[in-house]
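Here is the structure we will look at.
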Amino acid sequence: MVDDLGLRPGDVVLDLGCGPGLWTPMFAEKVAPGGNVVGVDISKELIDYAALRIADHPLSGSMRFEVGNFEATPFDDGAFDAVFLGNCCCYASDFSRVLREAKRVSRGRVFSKDFDGGTVIYHPAEERLTATVLAAAARALQETPPQPAFDNFIGRKMHGAFRSAGFSDVETRPYAIQLNSPLGEPAKRYVEGNARWLGAMAAPHLSDEDRERWSKAFDPVSGVLDREDFYFCMVEMITKGSV
Ligand SMILES: C[S@@+](CC[C@H](N)C(=O)[O-])C[C@H]1O[C@@H](n2cnc3c(N)ncnc32)[C@H](O)[C@@H]1O
-11 MVDDLGLRPG DVVLDLGCGP GLWTPMFAEK VAPGGNVVGV DISKELIDYA
39 ALRIADHPLS GSMRFEVGNF EATPFDDGAF DAVFLGNCCC YASDFSRVLR
89 EAKRVSRGRV FSKDFDGGTV IYHPAEERLT ATVLAAAARA LQETPPQPAF
139 DNFIGRKMHG AFRSAGFSDV ETRPYAIQLN SPLGEPAKRY VEGNARWLGA
189 MAAPHLSDED RERWSKAFDP VSGVLDREDF YFCMVEMITK GSV
């Protein structure tokens, strides 16, 4: 994904909503020598963690982190060659405001990496049950929008959002993220956590029976995550636009 961004040595990059800064060093490597990366997040705890995480990185001098809001940053117009938003727009009550701000501070390109929870495949969970859980989650999000905001189906909306925000050369590329058997422990924790989170979101609109069946479907003691035919896949997409 990072290779596809086309970052160049010397670029100045804003990692907006950087969280724990998992992506920031990968950007720093692409823009070296001569470039630098600024990570911004609303959470001071995550910013402190991100700074600690890169403290021993050979390019630590070309990265810095600061607390800030992705809807209103302190940066000048056109301060960055590229602005990256990683899984952020799903948390914005109005993601067009975030895109406007990213566009304002970019003199080149803006990238948004998002997921779309409508495309998730869990196998061997029963297909009808997965579809029922996804539909129930979609209904819960629509009828009782979470506070703070969260949109599980953001990925499909970003291409249009970039066009509406006035970007040129808008392109969206999908990436299939898949986890096949045999799953390592982190992958098992991820799949189980992801399924539990989806089930919790869907719960108000599931029958007792479906709620029970879904929670059993990924119970680690059932051995489902160790099955030879286990397969998980979801789609993430990166939308890019030029200012
Ligand atoms: C899912 S995390 C993504 C972190 C990172 N970009 C990544 O892809 O690993 C979303 C991040 O958005 C941050 N966030 C939420 N609302 C924000 C706001 N108004 N301004 C800045 N950051 C915000 C959260 O603190 C969180 O770190």
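In the working numbering, the protein residues as written are -11 to 231. Backbone N, C-alpha and C define an ideal beta-carbon position, used for all residues, glycine too.
Distance, residue j Cα to residue i Cα
{"i": "residue 227", "j": "residue 67", "result": "21 Å"}
{"i": "residue 181", "j": "residue 16", "result": "30 Å"}
{"i": "residue 198", "j": "residue 128", "result": "15 Å"}
{"i": "residue 190", "j": "residue 22", "result": "48 Å"}
{"i": "residue 205", "j": "residue 117", "result": "10 Å"}
{"i": "residue 42", "j": "residue 48", "result": "6 Å"}
{"i": "residue 176", "j": "residue 213", "result": "6 Å"}
{"i": "residue 132", "j": "residue 188", "result": "14 Å"}
{"i": "residue 186", "j": "residue 201", "result": "13 Å"}
{"i": "residue 38", "j": "residue 53", "result": "7 Å"}
{"i": "residue 36", "j": "residue 75", "result": "20 Å"}
{"i": "residue 3", "j": "residue -9", "result": "15 Å"}
{"i": "residue 65", "j": "residue 92", "result": "5 Å"}
{"i": "residue 119", "j": "residue 134", "result": "21 Å"}
{"i": "residue 171", "j": "residue 215", "result": "9 Å"}
{"i": "residue 90", "j": "residue 209", "result": "45 Å"}
{"i": "residue 234", "j": "residue 163", "result": "The structure shown has nothing for residue 234, since the chain only spans -11 to 231."}
According to DSSP, residues forming a beta bridge with residue i
{"i": "residue 164", "result": "223"}
{"i": "residue 51", "result": "25"}
{"i": "residue 230", "result": "97, 156"}
{"i": "residue 140", "result": "The partner list for residue 140 (beta bridge, DSSP) is empty, contrary to what the question assumes."}
8 Å Cβ cutoff met for residue i and residue j
{"i": "residue 231", "j": "residue 155", "result": "yes"}
{"i": "residue 122", "j": "residue 99", "result": "no"}
{"i": "residue 158", "j": "residue 69", "result": "no"}
{"i": "residue 29", "j": "residue 5", "result": "yes"}
{"i": "residue 217", "j": "residue 152", "result": "no"}
{"i": "residue 165", "j": "residue 224", "result": "yes"}
{"i": "residue 9", "j": "residue 27", "result": "yes"}
{"i": "residue 102", "j": "residue 146", "result": "yes"}
{"i": "residue 137", "j": "residue 60", "result": "no"}
{"i": "residue 126", "j": "residue 194", "result": "no"}
{"i": "residue 50", "j": "residue 25", "result": "yes"}
Distance cut-off 7 Å: residue i Cβ against heavy atoms of ligand 1
{"i": "residue 87", "result": "no"}
{"i": "residue 10", "result": "yes"}
{"i": "residue 34", "result": "yes"}
{"i": "residue 59", "result": "yes"}
{"i": "residue 221", "result": "no"}
{"i": "residue 31", "result": "yes"}
{"i": "residue 6", "result": "yes"}
{"i": "residue 77", "result": "no"}
{"i": "residue 74", "result": "yes"}
Contained beta strand (DSSP E) runs [length at least 3] in the region 59 to 130, N- to C-terminal order: 68 to 74, 94 to 111
Completely contained alpha helix (DSSP H) runs for the region -7 to 44, where each covers 4 or more residues: 12 to 19, 32 to 41
Whole beta strand (DSSP E) elements within the region 143 to 194, 3-residue minimum: 156 to 168
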